[in-house]
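These notes concern the structure reproduced below.
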Amino acid sequence: MAYSSLVTLPPELLSEICSYLCSHCLRSPGNDRDPSEVESHRARIGTSEKQKEQADLLNLNRVCRVLHEVVEPFLYHHIHTSQNRDLYCAIRTLLSRFDLRTRVLDLRVDYDGSKPPALRPRDGLEEPVELRESADNGTLVSLLLKLVPRLQTFHLHVSDAALPPMDLLGSKFSLTSLRRLTFSVFERGFVLDRIVPVIQLAPNLEVLHCHGCTLVSEWFTDLVDGHIPIDDVPATSPPLRHLTELILTDTRMTAESLSNFLLAVGPKLSKVSMQRPEERPFDGDDVVMFDEVVAALQSWRSGLKELSFFSLDFCGQSEQAENTVVSSIPTSIRNLRIYGLNYNPDDLRPLLEAYKSGQFQYLRRIEIDGTDDLEEPLPLAFRQESRDLSAAFRSAGLEFIVHPVPKCWWPYLDP
């Protein structure tokens with residue numbers, strides 16, 4: 090029986106094989122693979138841990154030198170430094186390998202800047218002066234950003250001490266390929282201004298995901314625009330002119346802070362998601378409410394396609410539900426996601442009637458959190474009414490999805 094070895098395959102075919110093993114290539118929105126095939130493969134290799142994501146590529150890379158030359162670039166498409174020493178080793182490699190710098194497209198950094206430099210690996214390899222100085226000064230993240238000029242996606246989870254310094258605003262380099270930025274700190278309640286140095290480096294940023302952000306200062310737009318804030322001298326144009334999606338999770342942001350942020354956003358914004366903390370989601374009297382969110386988004390009303398928010402912002406107030414939901418939600422909405430418990434069907438019924446009357450002609454999908462999986466189920470009448478409403482939405486032609494309610498919210502429920 091005839092057979093062929095991997096090393097005898099054409100380089101193009103080997104590259105195609107590697108693209109199926111590379112976590113970045115699988116997540117790339119430009120790939121033309123069957124979605125079900127991609128999801129099946131993701132489930133097999135795992136997507137949450139670096140070791141699982143790149144395990145197959147690493148094994149293939151070790152087979153022989155011929156395969157190594159093809160596989161190595163794919164290994165650097167996605168880098169996840171989950172330990173301080175991982176970050177240190179990644180920077181050391183990129184400092185010595187200029188050819189690999191342009192290969193890094195997807196970067197996730199978990200870094201505790203409060204840990205002492207002594208955690209640097211002691212493997213006997215030469216330590217570049219630039220790397221040693223950055224480790225001692227707590228600026229490793231800043232140094233890494235200078236070594237990945239083609240970065241497309243950046244996920245930064247750091248301690249407050251490890252945030253990039255503000256002097257990055259004067260840097261001469263930029264990350265023009267960076268399209269998606271996800272940011273969170275170990276400590277909750279950070280001020281979004283602290284990440285301005287990174288945002289300012291990404292003039293073509295399209296998606297911004299902030300986890301745990303609470304405040305945005307009135308100077309945010311000026312800082313992102315790269316000049317010193319001066320009274321009555323606004324920025325010539327919104328610095329985040331290409332932003333299309335804003336995601337705020339674990340947030341207790343105020344209406345004022347949201348308005349301060351939106352001053353920096355251009356006309357392309359079409360997706361907005363705001364989700365309260367899963368722990369104690371009902372705390373915070375100053376948290377921006379749904380009507381305040383919609384009011385702040387008036388400039389984007391005609392182009393807003395997806396909106397996600399917390400149910401407490403309008404549900405449970407049936408006397409105001411029709412005005413809040415039907416009158417406030419932009420008619421351009423296609424996908425609507427409501428987090429939290431929606432145990433009163435009357436809160437959503439006005440939306441169904443408005444859809445049937447043709448008010449929301451673009452609406453295609455509604456997602457809510459259900460009640461059937463609770464340890465202490467709500468009364469049968471409530472559950473049956475909820476099922477009937479779900480069936481009514483579906484019969485009207487909408488995709489109606491019911492998600493399980495997060496267990497951390499169960500103690501707050503009062504049937």
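Counting from 1, position 406 in the sequence shown corresponds to residue 495 in the numbering used here; the numbering is continuous, with no gaps.
Note that the Cβ used here is the ideal one computed from N, Cα and C, for glycine as well.
In this structure, Val-313 sits away from Val-274, with a CB-CB distance that is not shorter than 7 Å.
When C-alpha distances from Leu-352 are compared across Leu-270, Ser-362, Gln-172, Trp-308, the shortest belongs to Trp-308. A direct Cα-Cα distance of roughly 30 Å separates Asp-195 from Phe-399. For Lys-445, the enclosing alpha helix (DSSP H) begins and ends at 438-445.
The distance from the Cβ of Met-363 to that of Leu-337 is about 5 Å, consistent with a contact at the 8 Å cut-off.
With a threshold of 16 other beta carbon atoms within 10 Å, Thr-242 meets it and is buried.
Closest option to Arg-181, judged by alpha-carbon separation, among Glu-222, Asp-145, Leu-156, Asp-199: Glu-222.
For Val-383, the enclosing alpha helix (DSSP H) stretches over residues 379-385. If you compare the alpha carbons of Ser-185, Asp-249, Leu-347, Cys-111 with that of Leu-220, the shortest gap goes to Ser-185.
Scanning Arg-454, Glu-105, Gly-459 for the CA closest to the CA of Gly-486 turns up Arg-454. In the structure shown, Leu-335 adopts extended strand secondary structure according to DSSP, grouped into three states.
Taking each of Val-305, Asp-188, Arg-341, Ile-422 in turn and checking the Cα distance to Gly-392, the smallest one comes out for Ile-422. Note that the C-beta distance between Arg-330 and Gly-355 is below 7 Å. Distances from the alpha-carbon of Asp-201 to those of Ala-224, Ser-348, Ile-490, Leu-240 put Ala-224 closest. Cβ atoms of Ser-346 and Leu-304 come within 8 Å of each other, at about 5 Å. Counting along the chain, Leu-229 sits inside the alpha helix (DSSP H) bounded by residues 229-234.
Between Ser-348 and the set Thr-420, Ala-384, Leu-478, the nearest pair of CA atoms involves Ala-384. A check of alpha carbon separations from Ile-490 across Arg-426, Phe-449, Val-361 identifies Arg-426 as the nearest.
A check of alpha carbon separations from Tyr-177 across Phe-482, Thr-228, Leu-147 identifies Thr-228 as the nearest. Measuring C-alpha to C-alpha distances from Leu-264 to each of Leu-358, Asp-249, Asn-293 identifies Asn-293 as the nearest. The Cβ-Cβ distance between Asp-249 and Gly-301 does not fall below 7 Å.
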